[in-house]
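K.L.:
For the record, the sequence lines run as chains Z and L.
FYI, my numbering numbers position 77 of the first sequence as 77, with every residue one higher than the one before it.
FYI, my numbering numbers position 68 of the second sequence as 182, with every residue one higher than the one before it.
There's a structure below that I have some questions on.
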Amino acid sequence: EAGVAQSPRYKIIEKRQSVAFWCNPISGHATLYWYQQILGQGPKLLIQFQNNGVVDDSQLPKDRFSAERLKGVDSTLKIQPAKLEDSAVYLCASTPNAGTYEQYFGPGTRLTVT
Amino acid sequence: DQQVKQNSPSLSVQEGRISILNCDYTNSMFDYFLWYKKYPAEGPTFLISISSIKDKNEDGRFTVFLNKSAKHLSLHIVPSQPGDSAVYFCAASAIRSGGSNYKLTFGKGTLLTVNP
Numbered sequence: 001e002a003g004v005a006q007s008p009r010y011k012i013i014e015k016r017q018s019v020a021f022w023c024n025p026i027s028g029h030a031t032l033y034w035y036q037q038i039l040g041q042g043p044k045l046l047i048q049f050q051n052n053g054v055v056d057d058s059q060l061p062k063d064r065f066s067a068e069r070l071k072g073v074d075s076t077l078k079i080q081p082a083k084l085e086d087s088a089v090y091l092c093a094s095t096p097n098a099g100t101y102e103q104y105f106g107p108g109t110r111l112t113v114t
Numbered sequence: 115d116q117q118v119k120q121n122s123p124s125l126s127v128q129e130g131r132i133s134i135l136n137c138d139y140t141n142s143m144f145d146y147f148l149w150y151k152k153y154p155a156e157g158p159t160f161l162i163s164i165s166s167i168k169d170k171n172e173d174g175r176f177t178v179f180l181n182k183s184a185k186h187l188s189l190h191i192v193p194s195q196p197g198d199s200a201v202y203f204c205a206a207s208a209i210r211s212g213g214s215n216y217k218l219t220f221g222k223g224t225l226l227t228v229n230p
């Protein structure tokens, strides 16, 4: 069974530029999560999708971050414009459904904003 | 407001000895607890979990203990192996109001180093 795929693995941009991350969850997993992990911190949930609907985006900075999961499969997370404090690893995770505790994580995208 | 706390940023143990990683939480609504292991440049991988109705769960070399009255859990690794060297995250889950889906809250992690 293929795991959660993410791309790119690394990205360096200048502040005020835009960036997009892509995630393909495990096949058949209805629930998809995006996390932000700042160095020295634990992952922080940004947004949770159930199929193509948003379950929780309470911690997503909506003035600059957006995410979509149009067909209920893969998802993109966008930052526009980026700030220095957005430098972090962005992790995507999935579960078969929203009632499953154990989440399966992808390798993450390391973003550096200069 | 940090609801899940891992107060030891790092821990170093000798191969073959016991590793004990600790985690404290403040939210009494948490009903399920998980430990994740993370190697550099990889995503976290699920290790072991425990429901709030239990006080111990064991899986091979890994045992998690839960003390609800103290709002404390610990992960024991016996015997420790060099391949166990990684960052360990404690996570806690609470059901969202009005639904059956869960949100994980993570601690900051503890870097475990097992020396040969």
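Yeah, the Cβ is synthetic: ideal placement off N, Cα and C, and Gly gets one too.
Owing to the predicted nature of the structure, the values given are computational and were not obtained by experimental measurement.
Counting only beta-carbon atoms, is T76 of chain Z nearer than 9 Å to chain L?
P.N.:
Chain L contact via Cβ: absent.
K.L.:
What number of angstroms, rounded off, separates the C-alpha of K119 of chain L from the C-alpha of S207 of chain L?
P.N.:
Roughly 14 Å between the two C-alpha positions.
K.L.:
Any residues in the stretch 135-150 of chain L with a beta carbon nearer than 7 Å to a beta carbon of chain Z? Which ones, in chain order?
P.N.:
Residues Y146, L148.
K.L.:
Just list the residues that DSSP pairs F220 of chain L with in beta bridges.
P.N.:
L:A205.
K.L.:
My assumption, with CB atoms under 8 Å, is that A20 of chain Z sits in contact with L77 of chain Z. Please give the rounded CB distance.
P.N.:
Indeed, because the Cβ distance is near 7 Å, the residues count as touching under 8 Å.
K.L.:
Taking Q41 of chain Z as the query, report the chain L residues whose CB atoms sit under 7 Å from its CB, ordered along the chain.
P.N.:
Those within 7 Å of Q41 of chain Z in chain L are K222.
K.L.:
Just list the residues that DSSP pairs G53 of chain Z with in beta bridges.
P.N.:
Z:Q50, per the DSSP bridge assignment.
K.L.:
My understanding is that I191 of chain L touches S133 of chain L, with C-beta atoms under 8 Å, so please give their C-beta distance in whole angstroms.
P.N.:
So it is a contact: roughly 4 Å between Cβ atoms.
K.L.:
Please tell me whether K11 of chain Z has its Cβ less than 9 Å away from any Cβ of chain B.
P.N.:
Checking the listed chains, one finds no chain B in this structure; the protein chains it contains are Z and L.
K.L.:
Which chain L residues are close to L91 of chain Z, counting only those with a beta carbon under 8 Å from its beta carbon?
P.N.:
In chain order: G157, P158.
K.L.:
Could you compute how far the alpha carbon of Q59 of chain Z sits from the alpha carbon of V73 of chain Z?
P.N.:
Going by the C-alpha atoms only, they are around 22 Å apart.
K.L.:
How would you write the range of the beta strand (DSSP E) that N181 of chain L sits in, first residue to last?
P.N.:
176-181 is the span of the beta strand (DSSP E), which, as asked, contains N181 of chain L.
K.L.:
According to the neighbour-count rule (16 or more other Cβ atoms, all chains shown, within 10 Å of its Cβ), is G157 of chain L buried or exposed?
P.N.:
Buried: at least 16 other Cβ atoms inside 10 Å.
K.L.:
Measuring only between beta-carbons, confirm whether V54 of chain Z sits less than 9 Å from chain L.
P.N.:
Cβ-Cβ to chain L under 9 Å: no for V54 of chain Z.
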